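Sequence lines, in order, name chains S and D.
If you count by the numbering used here, then the first sequence holds residues 5 to 442, one letter each, in order.
If you count by the numbering used here, then the second sequence holds residues 13 to 315, one letter each, in order.
C-beta atoms are modelled at their ideal positions from N, C-alpha and C, and glycine is treated no differently.
In this text, all values refer to a predicted model and were calculated from it rather than measured experimentally.
Below is one structure, written out as structure tokens, with a few remarks after it.
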Amino acid sequence: MHKVWKVAVRDYIAAVKTKGFIIGLAVVPVVMSGSVIAMILLGDQVDTTDKKIAVLDHTGFVAAAVIEAAEERNASAVYEKKTGNKVKPVYLIETVEIDSLNLNQQKLELSDQVRADELHGFVEIFQEALHPSQNWDDTHIAYYAKNAALDDIRRWLIGPINVKLRSERLKQLGVQDIDQDELFAWLSVEGRNLIEKDAETGHVQDSQKSEEWHAIVVPIIMLMLMFILILMGASPLLNAVMEEKLQRIAEVLLGSIQPFQLMLGKLLGGTMVTLTGAGVYILAAIFATMQLGIYDIIPVYIIPWFFVYLILAIFMLGSIFAALGSTASDVKDAQSMTFPAMIPVLIPMFILTPVLKEPLSDFSTWMSLVPLFTPMLMMVRMGTPQGIPMWQPWVGLVGVILFTILSVWASGRIFRVGILIQGSTPKLSKMIKWIFKG
Amino acid sequence: MNAVELSGVTKTFGTLTAVDTLDLKVPEGRVYGFIGPNGSGKTTTLRMIMNIYFPDDGEIKIFGEPLRGAVSDRIGYMPEERGLYKKMKVGDLLLFYGGLKNGKDLASEVDRWLNRFDLIEWKDKKIETLSKGMSQKVQFIATIISQPEMIILDEPFSGLDPVNMDTIREAILDLQKEGRTIIFSTHDMNVAERMCDYIFMIYKGKKVLDDTLEAIQDRFGDDTIRVRLTNPQVDLNRIAGITKINNFGQIQEIRTSETADPQNILREILNLTPVRSFEITRPSLHDIFVRIAAPESMEENHA
Chain S
5 MHKVWKVAVR DYIAAVKTKG FIIGLAVVPV VMSGSVIAMI LLGDQVDTTD KKIAVLDHTG
65 FVAAAVIEAA EERNASAVYE KKTGNKVKPV YLIETVEIDS LNLNQQKLEL SDQVRADELH
125 GFVEIFQEAL HPSQNWDDTH IAYYAKNAAL DDIRRWLIGP INVKLRSERL KQLGVQDIDQ
185 DELFAWLSVE GRNLIEKDAE TGHVQDSQKS EEWHAIVVPI IMLMLMFILI LMGASPLLNA
245 VMEEKLQRIA EVLLGSIQPF QLMLGKLLGG TMVTLTGAGV YILAAIFATM QLGIYDIIPV
305 YIIPWFFVYL ILAIFMLGSI FAALGSTASD VKDAQSMTFP AMIPVLIPMF ILTPVLKEPL
365 SDFSTWMSLV PLFTPMLMMV RMGTPQGIPM WQPWVGLVGV ILFTILSVWA SGRIFRVGIL
425 IQGSTPKLSK MIKWIFKG
Chain D
13 MNAVELSGVT KTFGTLTAVD TLDLKVPEGR VYGFIGPNGS GKTTTLRMIM NIYFPDDGEI
73 KIFGEPLRGA VSDRIGYMPE ERGLYKKMKV GDLLLFYGGL KNGKDLASEV DRWLNRFDLI
133 EWKDKKIETL SKGMSQKVQF IATIISQPEM IILDEPFSGL DPVNMDTIRE AILDLQKEGR
193 TIIFSTHDMN VAERMCDYIF MIYKGKKVLD DTLEAIQDRF GDDTIRVRLT NPQVDLNRIA
253 GITKINNFGQ IQEIRTSETA DPQNILREIL NLTPVRSFEI TRPSLHDIFV RIAAPESMEE
313 NHA
């Protein structure tokens, strides 16, 4: 055990002393959450130049309502109240008289104006838009622009046009002078946590609002953290072992230490690297959430589970990486092995959405009980607000422990032979033979 | 007591028998030289002694005890292929390797050996900054830093310049004086002749020589003449009684038939060229090695 510890400490120091580790510690989470951060930071970076929109209104009454709505919007939403800065574009709506004899020609000319940047886009509201149920499949409102599908204006137009059409339909039914807002009030269903009894006072407590972001953010962060930390501790073992083999360090070490002890030392070193990373991230998360006043979103009760699963994951997956590294005979081999070896950590990422939506479904339960996926998926499921039955993390834990023992044993057998073999990389069938026959 | 005892040890890789029912006894405190052509089983035997390979059959005892993990702490091992962590500092690396062998007084031993090999100024430098010769010396120190009772060196002199070679040779002989057992493999027959108390030759996995140099030479008789000629170009093959000539350029080593008279041979040579030196001697280790290993390799070459 003393020798295992020596190897672990050497590997740990070699790993954490590098600039790569320190930079990686800071950069990886930024890269992983980069798109989210970019969206937040760059979300306000909108084009504020005025947008001129033409309306071809076959109904004859909708265009005016659109112009009115645009003016109202221009007055209230374009300039920031406090600073007076322009933060959104002004919508300038103008009606174009329809030339019904040469409609296509007219639309071509409008399109040319858009191409020449004289116009941002134009919308055509068909006569049938008033009673679309007569033929649902037809197009009732069309918006033409350079990037029509993703254009904010297309989404904005839906509102004023439909409001006007709706009030016109009511007018035709003889309903007039009513508060449309009240009539069409559309209420959302608020998610709430279950009612609980206060353990001390015995009073029934009103539950808290179950926030959508809260339900998603915690499990995703747990998954990402597990993913990053496994990459930090386990996957470098493939290259590290390969380098020791190719630089002939392995044989020097094997003169002093059993192959299995050497592999254990390397796994322990990887675990220590991971725990260092985990410590930094968790302290940073606690500090950040305390600063933001949202400390209670950290699910403190699953942190011990997180560490137990993390350590087992490093041993379970790290031993596979180490065994593969011991069989590699050049850098190219190691690179081609990296992807298949990553599959156990990539699959949980691929199936994140269905598991997050229905953490208690049979699919989610069974997938999270597959030992290779348990550490990541169980964390996602435990991180959801509804949680999961308490027996499941325990059953998952037993499965992971058994699989880890199997994986470390089998990898140790491959490692023992592979680390001394020079020349071509063995085939999978040969590696399996090594497991059983040595 | 024997430092190493192998009885009936066999190791196969697939269909190849690398070591075949090998018996060997290495007495404590001696220098034992392993010789043999490439691929004859030297490294496999050394790896089995180090417990890196497990024999398929037979028994290995180290200092009278069956081979176990703890026993290997008493042996320092330098493999043929050298391996050092390039990013580690010299001092840290030596402490690490010594620690893996549970060595004592490592810090003072590191300083002592670095001083002896003129490397003390490099103690805090990374391995990657060392020259090849320096790296080889560091590798040697790493092998002996834990003060092992037995030291196994696989080709310790390969690639060394004469100065470094002398440094390592002197260190090995000093360690022997302190009572350590030394086993080393080599392709350099001169080194083996000069340094080893015992010579062990393995060929195609089997033991072919295992004795003191003198006893081995006795076995091969005194059928060898070493001559230095004024004109080395003359053809000695025509002289009756000469069965083989090893031409080393300035010196020719002549093997004679059992019935040949060396005096007659000398007279015949003098008829061809003046002689600067003439010595009736026993065959060199090089010659013995070639006699055992060459017929086969010649057949292979002609095949």
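Against chain D, the beta carbon of serine 260 of chain S has neighbours under 8 Å at Ser84, Asp85, Tyr89, Tyr109, Leu112, Lys113, listed in chain order. Beta-bridge annotation (DSSP): threonine 29 of chain D is paired with D:Thr24. Assignment of isoleucine 237 of chain D by DSSP, reduced to helix, strand and coil, places it in the strand class. In this chain, the beta strand (DSSP E) harbouring isoleucine 57 of chain S covers 55-61. Residues of the same chain with a CB within less than 7 Å of the CB of proline 303 of chain S, apart from the 5 flanking positions on each side, are Val222, Gly387 in chain order. Here the region 264-281 of chain S makes contact with the region 224-236 of chain S; the two share three or more CB pairs at distances below 8 Å. By the rule that beta-carbons nearer than 8 Å mark a contact, glutamate 362 of chain S does not touch chain D. Taken through DSSP and simplified to helix, strand or coil, threonine 155 of chain D comes out as helix. The beta carbon of valine 399 of chain S sits closer than 8 Å to those of Leu373, all from its chain and outside the five residues before and after it, given in chain order.
By the CB criterion at 8 Å, isoleucine 139 of chain D and leucine 172 of chain D fall outside the cutoff. At least 8 Å separates the beta-carbon of valine 127 of chain S from that of leucine 169 of chain S.
Here the alpha carbons of isoleucine 292 of chain D and arginine 42 of chain D stand approximately 30 Å from one another.
Under the three-state reduction of DSSP, methionine 162 of chain D is assigned to strand.
Its Cα nearest to that of valine 100 of chain S, the residue S:Gln110 stands out among S:Trp190, S:Glu75, S:Gln110. With a contact defined as Cβ atoms closer than 8 Å, lysine 10 of chain S and leucine 112 of chain D qualify at about 6 Å. By the rule that beta-carbons nearer than 8 Å mark a contact, isoleucine 64 of chain D touches chain S.
Annotation for valine 246 of chain D: Leu284, Thr285 place their beta carbon closer than 7 Å to its own, counting only its chain and skipping 5 residues before and after.
What glutamate 93 of chain D touches in chain S, judged by beta-carbon distance under 8 Å, is Arg252, Glu255, going in chain order.
Close partners of tyrosine 97 of chain D in chain S (Cβ separation under 7 Å): Ile253. Inside the region 203-274 of chain S, DSSP marks whole alpha helix (DSSP H) runs of 4 or more residues at positions 216-237, 240-250, 253-258, from first to last along the chain. Taking the C-beta atoms as reference points, phenylalanine 152 of chain D is found no nearer than 8 Å to isoleucine 195 of chain D.
Contact residues of the region 396-426 of chain S toward chain D are Leu424 (C-beta to C-beta distance below 8 Å).
Under the criterion of beta carbons closer than 8 Å, threonine 53 of chain S and alanine 133 of chain S do not qualify as touching, at roughly 29 Å.
Residue-level contact by beta carbon fails for arginine 159 of chain S and chain D, as no gap is shorter than 8 Å. Taking 8 Å as the CB threshold, lysine 7 of chain S lines the interface with chain D. Classified as buried, arginine 192 of chain D has 16 or more neighbouring CB atoms from the shown chains inside 10 Å of its CB. Residue contact check for alanine 338 of chain S against chain D: no CB pair falls below 8 Å. For aspartate 273 of chain D, same chain residues with a beta-carbon under 8 Å away, outside a window of 5 residues either side, are Gly253 in chain order. Sixteen is the threshold: since fewer than 16 other Cβ atoms of the shown chains lie within 10 Å of the Cβ of threonine 271 of chain D, the residue is exposed. Around the C-beta of alanine 288 of chain S, fewer than 16 other C-beta atoms lie within 10 Å, and the residue is accordingly described as exposed. Of all alpha-carbon atoms in D:Glu280, D:Lys37, D:Leu185, D:Phe301, the one lying nearest the alpha-carbon of glycine 76 of chain D is that of D:Lys37.
Taking one beta carbon from each stretch, the region 406-423 of chain S and the region 324-344 of chain S have 3 or more pairs nearer than 8 Å; the two touch.
Secondary structure at leucine 198 of chain S: coil, using DSSP grouped into helix, strand and coil.
Listed along the chain, the chain D residues whose CB falls inside 8 Å of the CB of lysine 10 of chain S are Phe108, Gly111, Leu112.
Taking CB atoms only, alanine 219 of chain S has no neighbour in chain D less than 8 Å away. Listed by position along chain D, the residues whose Cβ is nearer than 7 Å to that of alanine 18 of chain S are Lys99.
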